[in-house]
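*Asks:*
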Amino acid sequence: GESVGLHLPTLSVQEGDNSIINCAYSNSASDYFIWYKQESGKGPQFIIDIRSNMDKRQGQRVTVLLNKTVKHLSLQIAATQPGDSAVYFCAETAGGYNKLIFGAGTRLAVHP
Amino acid sequence: ETGVTQTPRHLVMGMTNKKSLKCEQHLGHNAMYWYKQSAKKPLELMFVYSLEERVENNSVPSRFSPECPNSSHLFLHLHTLQPEDSALYLCASSQDYGGVREQYFGPGTRLTVT
Chain A
1133 GESVGLHLPT LSVQEGDNSI INCAYSNSAS DYFIWYKQES GKGPQFIIDI RSNMDKRQGQ
1193 RVTVLLNKTV KHLSLQIAAT QPGDSAVYFC AETAGGYNKL IFGAGTRLAV HP
Chain B
1221 ETGVTQTPRH LVMGMTNKKS LKCEQHLGHN AMYWYKQSAK KPLELMFVYS LEERVENNSV
1281 PSRFSPECPN SSHLFLHLHT LQPEDSALYL CASSQDYGGV REQYFGPGTR LTVT
């Protein structure tokens, strides 16, 4: 289920460290953003979302930050675990319809 | 399990074959989606159905033909495909299409066109 063949940026972290995955989005009119995780052989799985009227949202071990000024989105994972190894995608949408535009993805590799 | 199933999980077909991909969602959702995930591009939206009506067709070639017979089932009929159509085809569903909601993805069908 991975984007094999794409030259994905890779983030390598040690188990227990914090991870920060970045995403630059394209449409200044986008008003909803979402992060997905895709493990090998599986479809994308929802992690966390944020609307444009917020700049930070926290979940369990994850935090999403939104900077609309520079059109930047980040996903922070606290105390990264081997099970967090996957490809992470950000996606954006505008206009109130669920038409998501996905980024290329970042591969997270967690080392023991 | 996300509540979205896809069959088959793997498919190899020749360029002259006709085959169909099937998606079923057990979530009571009203919107269903087909995406293409290829080796060279990010996830691309192909089609969207809302309440069994097609509401989006993202300039997809006519050799891909979607069908949504009811709100729980979605098909992608394939004919006269090209090798560059080899990809992972993902189905997703969401509660509605209007109003942003999380999309739930199936595991995908890995398609190889020979």
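Protein sequence lines correspond, in order, to chains A and B. Okay, so the first sequence: first residue is 1133 according to the numbering used here, each after it adds one. Okay, so the second sequence: first residue is 1221 according to the numbering used here, each after it adds one. No residue lacks a Cβ here, since even glycine has one placed at the ideal position from N, Cα and C. Note that the coordinates shown come from a computational prediction; the quantities given were computed from them, not determined experimentally.
Helix, strand or coil for ASP1216(A)? Go by DSSP, reduced to three states.
*Replies:* What you label residue 1216(A) is simply residue 84 of the first sequence in a count that begins at 1. Reduced to three states, the DSSP call for ASP1216(A) is helix.
*Asks:* Here's the rule: buried if 16 or more other CB atoms are within 10 angstroms of the residue's CB, otherwise exposed. What is ALA1161(A)?
*Replies:* Counted from its first residue, the first sequence places residue 1161(A) at position 29. Exposed.
*Asks:* Please determine, among GLN1146(A), ILE1166(A), SER1144(A), the residue with the shortest C-alpha to C-alpha distance to PHE1234(A).
*Replies:* The residue given as residue 1234(A) occupies position 102 in the first sequence. When each option's Cα is compared against that of PHE1234(A), the closest is ILE1166(A).
*Asks:* Check this for me: beta carbons of THR1212(A) and LEU1140(A), under 8 Å apart or not?
*Replies:* Within the first sequence, residue 1212(A) is the residue found at index 80, counting from 1. Within the first sequence, residue 1140(A) is the residue found at index 8, counting from 1. Their beta carbons are not under 8 Å apart, which means THR1212(A) does not touch LEU1140(A) by this criterion.
*Asks:* Considering only the beta carbon of each residue, do ASP1316(B) and ALA1259(B) sit closer than 8 Å?
*Replies:* Within the second sequence, the letter at position 96 stands for residue 1316(B). Within the second sequence, the letter at position 39 stands for residue 1259(B). Taking 8 Å as the Cβ cut-off, ASP1316(B) and ALA1259(B) do not qualify as a contacting pair.
*Asks:* Within 10 angstroms of the Cβ of THR1334(B), are there 16 or more other Cβ atoms? Answer buried if so, exposed if not.
*Replies:* Here the question's residue 1334(B) lines up with position 114 in the second sequence. So THR1334(B) ends up on the exposed side.
*Asks:* In the DSSP assignment, the beta strand (DSSP E) including ASP1181(A) goes from what residue to what residue?
*Replies:* Against the first sequence, residue 1181(A) aligns to sequence position 49. ASP1181(A) -> beta strand (DSSP E) spans 1177–1183.
*Asks:* For chain A, check one thing: does any of its Cβ atoms lie closer than 8 Å to the Cβ of THR1329(B)?
*Replies:* Position 109 of the second sequence holds residue 1329(B). It does not; no Cβ of chain A falls within 8 Å.
*Asks:* What is the residue span of the beta strand (DSSP E) that LEU1241(B) lies within?
*Replies:* Counting from 1 along the second sequence, the entry for residue 1241(B) is found at position 21. It spans 1238–1245 - the beta strand (DSSP E) in which LEU1241(B) sits, taken as one unbroken run.
*Asks:* How is GLU1171(A) classed by DSSP in three states: helix, strand or coil?
*Replies:* Within the first sequence, residue 1171(A) is the residue found at index 39, counting from 1. If DSSP states are grouped into helix, strand and coil, GLU1171(A) belongs with coil.
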